[in-house]
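Enquirer: For any residue, its number in the numbering used here is found by taking its place in the sequence shown, counting from 1, and adding 307. Even glycine gets a Cβ: it sits at the ideal position worked out from N, Cα and C.
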Amino acid sequence: MTIEESFYIGYISKTRGLKGELQLFFEFEDYQDLDFDVLFVEVNKKLVPYFVANIKYQTNSTAYLNLEDVDHIDKAQPLVRKKVYLPHDKMPERDPDDFRYTDLIGYLVIDEVHGELGEITHVQEMPQQFIATVDFNGKELMFPLNDDLMLGIDAEDQVLEVDLPEGLVELYKEI
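#1: Could you have a look at P451 and say whether DSSP puts it in helix, strand or coil?
#2: When you compare the CB positions of I427 and V420, do they come within less than 8 angstroms of one another, or not?
#3: Could you please give the first and the last residue of the uninterrupted alpha helix (DSSP H) stretch that includes K352?
#4: What are the boundary residues of the alpha helix (DSSP H) that includes K382?
#5: Let's test the definition: count the other Cβ atoms within 10 Å of the Cβ of Y315 and tell me whether it reaches 16, buried, or not, exposed.
#6: Short check: CB of S313 to CB of L354, under 8 angstroms?
#7: Which class does D461 belong to by DSSP, given the choice of helix, strand or coil?
#8: Taking only three categories from DSSP, how would you classify E432?
#9: Quick check: the stretch 424-444 against the stretch 343-357, are there 3 or more CB pairs under 8 angstroms?
#10: Which value, in whole angstroms, describes the spacing of the CA atoms of L452 and G474?
#11: Report the three-state DSSP secondary structure of K389 (helix, strand or coil).
#12: Could you compute how far the alpha carbon of V377 sits from the alpha carbon of E481?
#13: Sort L393, K352, M433 and L458 by Cα distance to V556 and report the nearest one.
#14: Between which two residues does the alpha helix (DSSP H) containing E483 stretch?
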């Protein structure tokens, strides 16, 4: 299994107790829909398979899990802060009409005043709003994703039209 054959779901944030229990923090929205019989942990840029003995979901985008053969804190500790992946065939199917801000990754951003700004490389959920990061001439230009700034989304051509606040783009040109 390679990283290209899988998708990122989150990372192991900490251990819990002495019996090797781990906390998994999800950065994948529909984590309750995932099938966890085996997961892959990135160790030295390679994916290592681990079989899930049990998993208990929490309300804060986390789960506590036990992995087979990880039965002591000394075996669990090296897995902390490691990225976790699942194979593409475990990706839950979504309704085609279910559009999310994270679907905008890869879209070209065109501003009404400044024209083409670049491609969205990351969408992050912050309290109260989502923030898009655009690769703008080698710099990271960030702006909120909200109805006031977004003029239109062309899903077929993967283009997001925006009207960013006056001075925002100039701020990134000066840096």
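Expert: Concretely, from the data shown:
#1: The answer is strand: DSSP assigns P451 an E or B state.
#2: no
#3: Per DSSP, K352 belongs to no alpha helix (DSSP H) and is neither H nor E.
#4: Taken as a continuous stretch (DSSP letters only), the alpha helix (DSSP H) holding K382 covers I380 to A383.
#5: exposed
#6: yes
#7: strand
#8: strand
#9: No: the two stretches stay apart, fewer than three of their Cβ pairs being nearer than 8 angstroms.
#10: Computed Cα separation, rounded: 17 angstroms.
#11: Looking at K389 - three-state DSSP - the assignment turns out to be coil, as it is neither helix nor strand.
#12: If you take the alpha carbons of V377 and E481, they lie about 51 angstroms apart.
#13: The requested residue 556 does not occur in the structure, where the chain is confined to residues 308 to 482.
#14: For residue 483 there is no data in the structure shown, the boundaries of the chain being 308 and 482.
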